[in-house]
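Asker: So the sequence shown is numbered by the numbering used here: it starts at 25 and just counts up by one.
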Amino acid sequence: MFVASFPASVSRCVSHLSEMLEESVGLGAVTVLGVLEQAYFSLQVIYARRKYSVSPPSTAGPPEFERIFRAQANCSEYFPIFITMLWTAGLFLSPGVSSVCGLLYLYGRLLYFWGYSESAHRRLAPLYFSAQVLWVLIGFSSLGVFLTFCRVYLKVDVLLELWTAVAPY
25 MFVASFPASV SRCVSHLSEM LEESVGLGAV TVLGVLEQAY FSLQVIYARR KYSVSPPSTA
85 GPPEFERIFR AQANCSEYFP IFITMLWTAG LFLSPGVSSV CGLLYLYGRL LYFWGYSESA
145 HRRLAPLYFS AQVLWVLIGF SSLGVFLTFC RVYLKVDVLL ELWTAVAPY
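#1: For V180, which of helix, strand or coil comes out of DSSP?
#2: Note down, in chain order, each residue of its chain lying with its Cβ closer than 6 Å to the Cβ of F164, except the 5 sequence neighbours on either side.
#3: Can you list the alpha helix (DSSP H) stretches of 4 or more residues lying completely in the stretch 135–185, in chain order?
#4: Whole angstroms is fine: what's the gap from S39's alpha carbon to V49's?
#5: Would you mind giving the Cβ-Cβ distance between L130 and V54, rounded to the nearest angstrom? I have them listed as a contact below 8 Å.
#6: Note down, in chain order, each residue of its chain lying with its Cβ closer than 7 Å to the Cβ of G132, except the 5 sequence neighbours on either side.
#7: Within 10 angstroms of its Cβ, does L161 collect 16 or more other Cβ (buried), or is it exposed?
#8: Please work out which residues of its chain come closer than 6 Å, Cβ to Cβ, to R175, disregarding the five sequence neighbours upstream and downstream, and give them in chain order.
#9: DSSP state of T188, grouped into three classes?
#10: Does the beta-carbon of F137 have 16 or more other beta-carbons within 10 angstroms, so that it is buried, or is it exposed?
#11: Please state the DSSP three-state secondary structure of G85.
Next up, the structure:
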């Protein structure tokens, strides 16, 4: 009996994994774009080091170099937080909405990098924009984990309970 059911259970597992991958393709695409963006920022620092004659490990140089260096460093500092929240929100709440937020965040960081490269003041609007998007992802992640925790461990579907309370008919 066990041997006969084994192929069926493997088939169900593969099918479930395939569905998960299809749902996560947007998250994967945003992750790859984010890594490419980080590589672009790093290359800009390399080019700036050559242009302004700033040899590693030095991080001090002309203001033009320091702005590029700080823009890249700041983007790198926030990248782990972004990726973690992107995937947490995507897995526990909505991969589509999380992917859109991820694209907006990456766009904001690109504008931040370009703005900061030109002047310290031009970094502010994109910085605030990308910070707001990141807070939305943090909120979605928290909500998704909370709702899943309630459903799995407390056996309470909070959304269903709210929907039933608001629209009982």
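Even for Gly, the Cβ is constructed at its ideal location relative to N, Cα and C.
Answerer: The relevant details are as follows:
#1: As a working note, residue 180 is residue 156 in the sequence shown. V180 carries a coil assignment under DSSP once its states are collapsed to helix, strand and coil.
#2: Counted from its first residue, the sequence shown places residue 164 at position 140. Contacts found: A113, L117.
#3: 148–177
#4: What you label residue 39 is simply residue 15 of the sequence shown in a count that begins at 1. What you label residue 49 is simply residue 25 of the sequence shown in a count that begins at 1. Rounded to whole angstroms, S39 to V49 spans 16 Å at the Cα level.
#5: As a working note, residue 130 is residue 106 in the sequence shown. As a working note, residue 54 is residue 30 in the sequence shown. Indeed they touch by this definition, with Cβ atoms about 7 Å apart.
#6: For the purposes of this step, residue 132 is taken as residue 108 along the sequence shown, with counting starting at 1. Cβ neighbours of G132 beyond the five flanking positions: P150, F153, S154, V157.
#7: Working through the sequence shown from its first residue, we reach residue 161 at position 137. L161 is buried by the Cβ-count criterion.
#8: Within the sequence shown, residue 175 is the residue found at index 151, counting from 1. Hits under 6 Å: D181.
#9: The residue you call residue 188 lines up with position 164 of the sequence shown. Reduced to three states, the DSSP call for T188 is helix.
#10: As a first step, residue 137 is located in the sequence shown; it is residue number 113 there, counting from the start. Residue environment: F137 is assigned as buried (16 or more neighbouring CB atoms within 10 Å of its CB, all protein chains considered).
#11: By 1-based counting over the sequence shown, the position of residue 85 is 61. In the three-state DSSP reduction, G85 falls in the coil class, being neither helix nor strand.
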